[in-house]
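S.K.: These protein sequences, in sequence, are chains F and Z. Counting from 1, position 81 in the first sequence corresponds to residue 81 in this note's numbering; the numbering is continuous, with no gaps. Counting from 1, position 23 in the second sequence corresponds to residue 155 in this note's numbering; the numbering is continuous, with no gaps. To start, I am sharing the structure in question, which I have written as structure tokens.
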Amino acid sequence: MIRRKTIIIIAMCLVSALLMGNKCDRDDFLGATYNSIKTMDIAHERSGQVLIDLKKQDVVSAEIWERAANASDSYLAARDVLIDALIIYADSSKDNEDANKSVVTAALSRLDVIIKDILALVNTFLDNPIRI
Amino acid sequence: MDGTFLITIAELVLKHGVPTVIDLIKTWQVDTSNISIQDLEDLKKQKPKSFRDMLDDDS
């Protein structure tokens, strides 16, 4: 019984240490955000292809297409804002790093909301939904 | 992170051993390769096409 408890405590310490070690520093945060943008770009492109195919088959109404196209424009605008914020963050001094990181986080959330709206719209037409 | 999560991890350690669980945890890590400002500027230039542009290209 003691051995089992010891193992559990050691395991907890190990996990805590690993999680602390994973705490994002600037490079990690930049890398993670960069990868998120790439992933969302793929989802955006795939959504566009699907919608265009559906539009050709007259499955998607003009109204839905217009909504999706506007969301796509919003996505691209929000993407620019995010990357600009990310460039400023990457070039931050230690003093304004946190403030700039908050701006990036807000911009990333905005992009995430837009791409999820696009996916929600596209996925209503699909048996196998696109996921990110 | 709550206690249930830690207990789950502890159970995984007991069941599968420390190396397996460490491998599992490593898969949670993001790619930490160094992203330079140039990489970000390149990413900005690699702007995806809008749905309208994709449709124009397609027709």
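By construction, the Cβ of each residue, glycine as well, lies at the ideal position given by its N, Cα and C atoms. Being a predicted model, the structure only gives us computed values, none of them experimental.
1. Using the three-state DSSP reduction, which class does F/D112 fall into: helix, strand or coil?
2. When Cβ atoms are compared, which residues of the segment 27 to 39 of chain F fall closer than 7 Å to chain Z?
3. Going along chain F in order, which residues have a C-beta closer than 7 Å to the C-beta of Z/P151?
4. Assess, as a yes-or-no matter, whether the segment 46 to 65 of chain F is touched by the segment 84 to 103 of chain F under the definition of 3 or more beta carbon pairs within less than 8 Å.
5. Excluding sequence positions up to five away, which residues of its chain have a Cβ less than 7 Å from the Cβ of F/R110?
6. Just verifying my parser: in three-state terms, what is the DSSP assignment at F/L126?
7. On a Cα-Cα basis, can you pick out the residue from F/N123, F/A43, F/G31, F/L126 that is closest to F/L76?
8. Less than 8 Å separating the Cβ of F/N35 from some heavy atom of the ligand ADP?
9. Could you check where the alpha helix (DSSP H) with F/D84 kicks off and where it finishes?
10. Mind listing which residues of the segment 76 to 108 of chain F have their C-beta closer than 9 Å to chain Z's C-betas, in chain order?
M.R.: In terms of the structure at hand:
1. DSSP places F/D112 in helix when its eight states are reduced to three.
2. So the list reads D27, D28, L30, G31, A32, Y34, N35, I37, given in the order they occur along the chain.
3. Within chain F, no residue comes near Z/P151; the closest Cβ sits about 11 Å away, beyond 7 Å.
4. Output reads no: the segment 46 to 65 of chain F does not touch the segment 84 to 103 of chain F.
5. A78, listed in sequence order.
6. DSSP places F/L126 in coil when its eight states are reduced to three.
7. Cα-wise, what sits closest to F/L76 is F/A43.
8. Of ligands this structure carries none, so the ligand ADP is not represented either.
9. Going by DSSP, F/D84 is part of the alpha helix (DSSP H) stretching over 62 to 90.
10. Cβ proximity to chain Z below 9 Å picks out L76, R79, D80, I83, D84, L86, I87, A90, D91 from the segment 76 to 108 of chain F.
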